[in-house]
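Accompanying notes for the structure given below.
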Amino acid sequence: MKIKVFVTLKKGVLDPQGQAVQKTLARTGFDEVAGVRIGKYIELDVADGTPSARVEEMCKKLLANTVIEDFRIES
Amino acid sequence: MKFGIVRFPGSNCDDDALDVCARVLAPEGAEGRILWHKDHDLGGVDVVILPGGFSYGDYLRAGAMAAWSPIMREVKAFADRGGWVLAICNGFQIACEAGLLEGALTRNASLRFECRDVHVRVEGRPTPFTQAIPAGRVLKMTIAHAEGRYVHPDVDRLEKEGLVVFRYVTADGRVTPEANPNGSVANIAGVTNARGNVVALMPHPERNVEMLLGEGGEDGRRIFESAIAAAAGVPARVGA
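If you want it as structure tokens, here you go:
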């Protein structure tokens, strides 16, 4: 089964990449965009019935750095 | 004193660090050897160096893959026993990802790859790599990184415990926003752990060890010499 993991920067952690994208959006006419935050999308193909605690463990151990990032799991 | 430099796939400052230990500081009693990332044996070295580079192509996050290399289990056990670890640039990122040090390193606020000489002030609690350098001394060293912005959820505690050991400053030692090349919190350029045996910094001391290389100077040498002096039990102040 497919598991989707979204890794995003924690609130308050500066996202210079997002800021740059926002500036470029504004420059190209999309000045209604007040903020951009960039994250990662990770797709995992795991055995059916893999417990969600297992995926959470993967996120905490490797997929996200919980000092600066949050993660959200969708199956 | 034997230095072991870990070579990960994508390390690129490993040979520079080896050259410092095996050649430049040989007259001072240093020896150096490369340790392979797949090995489980640190070969009896006294100091482990996690060198700069782009281990595993910075995939996922800088240092995230290397932190789980086979040899890192040995490096962690070594550090737990009080072994001395010097982590430089990508090594700093690896050390944080591996949990050897607190905090994290992420994209420079400037979004640029910052490659230039900077000044850092030596401070905080004494460590093997800094104890022979007078506190407050400003060292000139080279940086070369895109992800050197240090982030920590509780900087006040780090400061109180004296775990900040290098801070970006102006040439005359002032902490200013302009002196901060990457947006690190509190201008932090290097930290240590509670025990003081693991030290990491974003600048490259191994690139500043010989006047032959010109303007960069040789301030980086003090860090290696401090470890040699500390191991010899000499409370010497090198380069005073």
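As given, the protein sequences belong to chains H and F, one line each in that order. FYI, this note's numbering numbers position 22 of the first sequence as 184, with every residue one higher than the one before it. FYI, this note's numbering numbers position 166 of the second sequence as 167, with every residue one higher than the one before it. Note that beta-carbon positions come from the ideal geometry of N, C-alpha and C, so glycine has one too. Computed from a prediction, not measured in an experiment: that's the story for all the values here.
At least one CB of chain H lies nearer than 8 Å to the CB of glycine 184 (chain F). For leucine 176 (chain H), the closest Cβ of chain F is nearer than 8 Å. In the three-state scheme derived from DSSP, where H, G and I count as helix and E and B as strand, aspartate 118 (chain F) is classed as strand. Interface with chain H (8 Å Cβ-Cβ cutoff): alanine 190 (chain F) is excluded. Interface criterion met: the Cβ of glutamate 98 (chain F) is under 8 Å from a Cβ in chain H. Taking the beta carbon of arginine 158 (chain F) as reference, no residue of chain H falls within 8 Å; the closest one sits roughly 14 Å away. Residue state for serine 12 (chain F) is assigned as strand, using DSSP reduced to three classes. Not a single CB atom of chain H sits nearer than 8 Å to the CB of valine 210 (chain F). Against isoleucine 230 (chain H), the close residues of chain F are Ala105, Thr107, Val152, in the order they occur along the chain (beta-carbon pairs closer than 7 Å). The Cβ of glutamine 184 (chain H) sits no closer than 8 Å to any Cβ of chain F.
Straight through space, the alpha carbons of glutamate 124 (chain F) and isoleucine 134 (chain F) are spaced by roughly 9 Å. As a beta-bridge residue in DSSP terms, tryptophan 85 (chain F) pairs with F:Val48.
In this structure, glycine 54 (chain F) and asparagine 109 (chain F) do not form a Cβ contact; the two beta carbons are roughly 17 Å apart against a cut-off of 8 Å. For leucine 112 (chain F), the nearest beta carbon of chain H is closer than 8 Å to its own beta carbon. In summary, phenylalanine 114 (chain F) is exposed, with fewer than 16 beta-carbon neighbours lying within 10 Å of its beta-carbon over all protein chains present. Sixteen is the threshold: when 16 or more other Cβ atoms of the shown chains lie within 10 Å of the Cβ of phenylalanine 167 (chain F), as they do, the residue is buried. As summarised for the segment 158–193 of chain F, the continuous beta strand (DSSP E) elements at least 3 residues long and confined to that stretch are 165–170, 189–193, given in chain order. Every unbroken stretch of the beta strand (DSSP E) spanning 3 or more residues and falling wholly within the segment 186–227 of chain H is given here in chain order: 202–207.
For aspartate 59 (chain F), the three-state secondary structure derived from DSSP is helix.
Of all C-beta pairs linking the segment 76–96 of chain F to the segment 210–228 of chain H, fewer than three are shorter than 8 Å, placing the two stretches out of contact.
Per DSSP, alanine 231 (chain F) is one residue of the alpha helix (DSSP H) stretching across 222–232.
Residue F:Arg223 holds the alpha-carbon nearest to the alpha-carbon of threonine 131 (chain F) among F:Asp157, F:Arg223, F:His120.
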